[in-house]
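These notes are about the structure you will find just below.
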Amino acid sequence: MKIRFQQQSEHSECGLACVAMLIDYFSENMRLTHLRQKYGVPNGGYNFAQLTLIFSDYNISTRCIHVDYDRIRSVPTPCIAFWKESHFVIIERVDRKKYYIVDPALGRFCLNEEEFKECFSKAILYIDRKYSKKRNTFGIFNYYFKNLLKHFKIVFSVLVISFSVQLLALSIPYIIRSIIDDPMMWKALDHSILGLTLIIISFLYFGTNYIKIKLIAKLQTTIDRDLVTTVVKHLLDLPYSYFTNRNKGDLVYTLNSNSYIRQILIDQVIELIINFVFALLYLIAMFLINTTLTFVTLIIVVLISGSLFINSFYNKKLTQNEITALSNSQNNINEMINNILTIKSTASKDNIFKNWVNNFEEQLYYEVKRANYSSIFINFSHSVQVLYTLIIYIVGIQLNQAGVELTLGSIVGFVSIGVSFISPLISILSSYNQIFSISIYVNRLLDVLETPIEALLFGGYRVENLSGLIEVNNLSFRYSKFSSDVLDNISFNIQEGEKIAIIGESGSGKSTLLKLLSGFYKPSSGEILFDKHPIDKFDIESFREKIGVVLQEDRLFSGTLRENITLGRPISDKEIWDIMLGSGLIDLVNSFPLGLDTIISENGNNLSGGQRQKISLIRTLISKPSIIFLDEPTSSMDVLSEKQMMELIFKINCTVVVVSHRISLVDKFDKILIVKNGKIEGFDSHSRLIKNCPYYNSLYYKIKELENEK
Numbered sequence: 001m002k003i004r005f006q007q008q009s010e011h012s013e014c015g016l017a018c019v020a021m022l023i024d025y026f027s028e029n030m031r032l033t034h035l036r037q038k039y040g041v042p043n044g045g046y047n048f049a050q051l052t053l054i055f056s057d058y059n060i061s062t063r064c065i066h067v068d069y070d071r072i073r074s075v076p077t078p079c080i081a082f083w084k085e086s087h088f089v090i091i092e093r094v095d096r097k098k099y100y101i102v103d104p105a106l107g108r109f110c111l112n113e114e115e116f117k118e119c120f121s122k123a124i125l126y127i128d129r130k131y132s133k134k135r136n137t138f139g140i141f142n143y144y145f146k147n148l149l150k151h152f153k154i155v156f157s158v159l160v161i162s163f164s165v166q167l168l169a170l171s172i173p174y175i176i177r178s179i180i181d182d183p184m185m186w187k188a189l190d191h192s193i194l195g196l197t198l199i200i201i202s203f204l205y206f207g208t209n210y211i212k213i214k215l216i217a218k219l220q221t222t223i224d225r226d227l228v229t230t231v232v233k234h235l236l237d238l239p240y241s242y243f244t245n246r247n248k249g250d251l252v253y254t255l256n257s258n259s260y261i262r263q264i265l266i267d268q269v270i271e272l273i274i275n276f277v278f279a280l281l282y283l284i285a286m287f288l289i290n291t292t293l294t295f296v297t298l299i300i301v302v303l304i305s306g307s308l309f310i311n312s313f314y315n316k317k318l319t320q321n322e323i324t325a326l327s328n329s330q331n332n333i334n335e336m337i338n339n340i341l342t343i344k345s346t347a348s349k350d351n352i353f354k355n356w357v358n359n360f361e362e363q364l365y366y367e368v369k370r371a372n373y374s375s376i377f378i379n380f381s382h383s384v385q386v387l388y389t390l391i392i393y394i395v396g397i398q399l400n401q402a403g404v405e406l407t408l409g410s411i412v413g414f415v416s417i418g419v420s421f422i423s424p425l426i427s428i429l430s431s432y433n434q435i436f437s438i439s440i441y442v443n444r445l446l447d448v449l450e451t452p453i454e455a456l457l458f459g460g461y462r463v464e465n466l467s468g469l470i471e472v473n474n475l476s477f478r479y480s481k482f483s484s485d486v487l488d489n490i491s492f493n494i495q496e497g498e499k500i501a502i503i504g505e506s507g508s509g510k511s512t513l514l515k516l517l518s519g520f521y522k523p524s525s526g527e528i529l530f531d532k533h534p535i536d537k538f539d540i541e542s543f544r545e546k547i548g549v550v551l552q553e554d555r556l557f558s559g560t561l562r563e564n565i566t567l568g569r570p571i572s573d574k575e576i577w578d579i580m581l582g583s584g585l586i587d588l589v590n591s592f593p594l595g596l597d598t599i600i601s602e603n604g605n606n607l608s609g610g611q612r613q614k615i616s617l618i619r620t621l622i623s624k625p626s627i628i629f630l631d632e633p634t635s636s637m638d639v640l641s642e643k644q645m646m647e648l649i650f651k652i653n654c655t656v657v658v659v660s661h662r663i664s665l666v667d668k669f670d671k672i673l674i675v676k677n678g679k680i681e682g683f684d685s686h687s688r689l690i691k692n693c694p695y696y697n698s699l700y701y702k703i704k705e706l707e708n709e710k
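Here the UniProt record's numbering is used: position 80 in the sequence shown is 80, and no number is missing along the way.
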């Protein structure tokens with residue numbers, strides 16, 4: 001039994017992916033998605049001790065050992081190996097001088113001793129006793145057929161029409177047989193009747209085929225709509241944490257694979273059903289004509305099937321590697337475009353280009369290798385098919401000469417049926433290969449679809465109003481079960497309408513705290529309450545409608561200035577102008593010839609950093625939220641703009657919580673929350689903290705001095 005490959009989706013989850021594959025192999029059916037939800041993924045990844053603890057949760061006993069590469073054959077396989085000092089892979093088996101590796105990032109491959117020695121980091125985690133399990137699929141085929149059965153009427157219509165087309169095709173060999181064996185009967189027939197019959201058959205064939213094509217086109221559109229909208233909607237409903245450690249290029253590639261899945265779903269699955277039924281009909285028809293010729297045909301089919309199965313084995317393995325390389329190549333392109341300014345300013349164009357070329361060359365290598373294997377085996381099957389007709393004629397004539405009751409018409413008819421029998425069988429094998437190769441794409445989609453949506457992590461209490469009262473009790477947060485606490489048992493209260501500044505050194509947990517308050521992360525322990533109600537009981541969408549959030553990661557969309565401010569919300573131009581007058585943004589808008597209709601490029605690249613921040617703030621303030629959370633909202637603004645924006649924020653009649661590095665501004669806030677190494681160092685007004693908190697006193701004057709120097 002082979003290990004069932006599961007690809008890592010996040011940068012640091014190679015160890016978790018290896019654990020998922022081995023639990024799935026040794027114990028119970030397991031998906032990486034389940035382990036990720038249960039244990040999380042630390043930013044730096046897992047170590048062997050943590051992987052051992054995960055195995056023990058599933059009653060699997062393991063041992064971790066240091067071993068030289070020349071003693072690796074004595075270690076039970078499959079096992080997890082430390083790889084290139086920074087990665088985990090599975091050694092599936094060792095065979096003579098070959099090492100078979102399952103890499104959660106790259107897929108399956110085989111290494112010789114020198115290649116293995118170069119990568120192996122001399123540490124192994126292996127399962128120290130035998131386990132047995134019953135394997136079943138992950139529901140990949142359920143995923144296929146569930147989507148097809150949603151449209152049973154159309155699928156049934158396509159099948160009926162397709163059967164009609166094939167039945168018409170099946171009648172042709174019998175017509176040929178009767179023409180050759182009984183030419184006098186055809187001679188006696190009225191030519192006009194014969195011609196009319198042929199015309200009717202042709203029109204029936206054309207008409208049924210036309211209806212079939214129309215129905216398939218309709219089915220394609222319907223399934224496309226269902227699949228793509230389902231996946232994209234689910235993706236938008238996923239929690240923020242899902243996106244933090246994933247390559248955006250991988251996600252885009254996964255979404256784009258929908259069209260390929262749809263093509264296989266419709267074309268191959270339906271054809272598979274039809275071809276299977278008619279292969280049986282053709283087989284019965286051949287046995288009725290001659291048993292010997294049928295067995296000769298079956299021998300040839302075995303040869304063709306064998307070559308196609310071997311091709312399938314190599315093709316699936318290479319396709320996995322090709323998809324990974326293609327995804328990496330596309331991700332490089334995305335990063336190049338998104339970071340073009342950094343590339344040019346650091347003069348790193350050549351290095352970045354070289355990195356992309358390496359990934360692109362790897363992609364081409366697997367494409368060519370797969371094409372070479374396919375050409376060998378497919379050409380073999382085609383060659384056998386070409387020889388098939390000649391072989392049947394030779395054997396048929398010899399049988400005829402040996403006195404077997406087999407007419408020339410029967411031989412010709414048998415050849416026609418035999419060719420029709422082989423073609424659907426090859427199609428069945430090709431469909432089988434494609435359906436199994438598509439599991440690579442479906443597994444990527446399942447990684448999206450099997451992740452619980454954000455709404456399931458919260459309650460259903462719909463938020464109608466918020467006063468601005470916030471309570472945080474014994475709050476702790478860590479990114480995964482095994483990582484250290486980013487925030488450690490903190491508590492504080494914010495009163496209605498208070499303006500609060502959060503300060504601290506980089507990495508102290510300020511931005512994480514703001515994301516917890518905004519509902520982007522869930523606490524590891526403790527609770528956050530708004531108006532005495534726990535945030536995890538809220539309907540998260542209705543909660544976010546009542547708050548305003550501006551984070552450092554905020555981006556602008558390609559579109560007009562108006563569209564970027566409203567984001568599709570029913571907001572009038574008058575409301576936009578009113579908020580701009582109060583924020584000092586009116587001069588910015590007036591500087592654009594098209595005003596609110598000014599086109600903004602992707603990420604606002606045609607605007608300055610300060611202009612982008614102003615628009616993000618306006619976008620938040622215009623919805624008149626009850627509570628506003630801001631993370632460095634003025635970091636890119638000039639002094640005058642910053643002053644205008646802060647004055648606007650202080651005028652707003654709601655609770656405001658601001659993460660800031662600008663010490664010159666914090667003394668204007670009602671209270672200052674000081675975060676140091678994940679703990680609260682102080683929470684009070686500026687005047688009291690200066691007197692009573694040595695850390696704040698030191699930090700305040702140190703940063704004040706730096707700001708004055710600037």
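No residue lacks a Cβ here, since even glycine has one placed at the ideal position from N, Cα and C.
Residue i: buried (16+ other C-beta within 10 angstroms of its C-beta) or exposed?
i: valine 412; result: buried
i: arginine 555; result: exposed
i: residue 714; result: As shown, the chain starts at 1 and ends at 710. That puts residue 714 outside it, with no answer to give.
i: lysine 134; result: Model confidence at lysine 134 stands at a pLDDT of 49, short of 50, so the residue's coordinates are unreliable; what they give is reported in the following sentence. Looking at its Cβ environment, which holds fewer than 16 other Cβ atoms inside 10 Å, lysine 134 is exposed.
i: threonine 291; result: exposed
i: serine 591; result: exposed
i: leucine 298; result: exposed
i: cysteine 79; result: buried
i: isoleucine 394; result: exposed
i: phenylalanine 203; result: exposed
i: tyrosine 701; result: exposed
i: phenylalanine 35; result: Here the sequence assigns leucine to residue 35, which means phenylalanine is not the residue at that position. The residue in question, leucine 35, is buried, as its Cβ has 16 or more Cβ neighbours within 10 Å.
i: threonine 294; result: buried
i: methionine 1; result: exposed
Which same chain residues end up closer than 7 Å to residue i when comparing Cβ atoms and leaving out the 5 residues on each side of it in sequence?
i: leucine 303; result: Val384
i: threonine 598; result: Thr560, Leu561 and Phe592
i: tyrosine 205; result: Val165 and Leu168
i: histidine 234; result: Val448, Leu449 and Ile453
i: valine 497; result: Before going further, note that residue 497 is glycine rather than valine in the sequence given. Result list for glycine 497: Gly468, Asn653, Cys654 and Thr655, in chain order.
Might you give, ordered along the chain, the residues of its own chain that have their beta carbon closer than 6 Å to the beta carbon of residue i, omitting 5 neighbours on each side?
i: glycine 682; result: Ile674, Leu689, Cys693 and Tyr696
i: phenylalanine 309; result: none
i: arginine 108; result: Val102 and Lys317
i: glutamate 602; result: Ser558
i: asparagine 489; result: Asn474 and Ser476
Hey, would you say the C-beta of residue i is under 6 Å away from at least one heavy atom of the ligand GTP?
i: isoleucine 426; result: Absence of the ligand GTP from the depicted structure is noted, as is the absence of any ligand whatsoever, leaving it without description.
Just how far apart, CA to CA, sit residue i and residue j?
i: glutamate 505; j: serine 635; result: 15 Å
i: residue 711; j: arginine 562; result: There is simply no residue 711 to check, as the chain begins at 1 and stops at 710 in what is shown.
i: valine 94; j: asparagine 359; result: 28 Å
i: glutamine 50; j: phenylalanine 482; result: 7 Å
i: glutamate 118; j: phenylalanine 243; result: 33 Å
i: asparagine 372; j: isoleucine 378; result: 10 Å
i: threonine 137; j: alanine 81; result: The predicted model places threonine 137 with a pLDDT of 48, which falls under 50 and marks its position as unreliable; any figure quoted below should be read in that light. Roughly 26 Å separates the two Cα atoms.
i: valine 231; j: asparagine 321; result: 24 Å
i: glycine 195; j: serine 327; result: 57 Å
i: aspartate 631; j: leucine 456; result: 27 Å
i: serine 616; j: threonine 77; result: 54 Å
Measure from the alpha carbon of residue i to the alpha carbon of each residue in the options, then state which is nearest.
i: aspartate 250; options: Asp573, Ser623, Gln611 and Ile333; result: Ile333
i: glutamate 705; options: Arg662, Lys679, Phe669 and His686; result: Arg662
i: valine 463; options: Phe543, Val395, Ile211 and Ser410; result: Phe543
i: leucine 581; options: Asp226, Ser61, Gly40 and Leu621; result: Leu621
i: arginine 63; options: Ala123, Val89, Trp83 and Ser86; result: Ala123
Using a Cβ-Cβ cut-off of 8 Å (strictly less than) and excluding sequence neighbours within five positions of residue i, which residues of its own chain qualify?
i: threonine 512; result: Phe477, Val486, Leu487 and Tyr521
i: isoleucine 428; result: Leu272, Asn275, Phe276 and Ala279
i: glutamate 575; result: Ile622
Practice task
Please confirm if the stretch 524-543 is in contact with the stretch 473-481, defined as three or more CB-CB distances below 8 Å between the two stretches.
Solution key: A contact exists between the stretch 524-543 and the stretch 473-481.
Exercise for the section: Would you check if the stretch 3-16 and the stretch 36-55 touch, i.e. whether three or more CB-CB distances between them fall below 8 Å? Expected result: yes
Exercise for the section: Please confirm if the stretch 266-282 is in contact with the stretch 157-171, defined as three or more CB-CB distances below 8 Å between the two stretches. Expected result: yes
Exercise for the section: Report yes or no: do the stretch 334-343 and the stretch 413-425 share at least 3 C-beta pairs separated by less than 8 Å? Expected result: In the pairwise beta carbon analysis, the stretch 334-343 is classified as not touching the stretch 413-425: fewer than three pairs are separated by under 8 Å.
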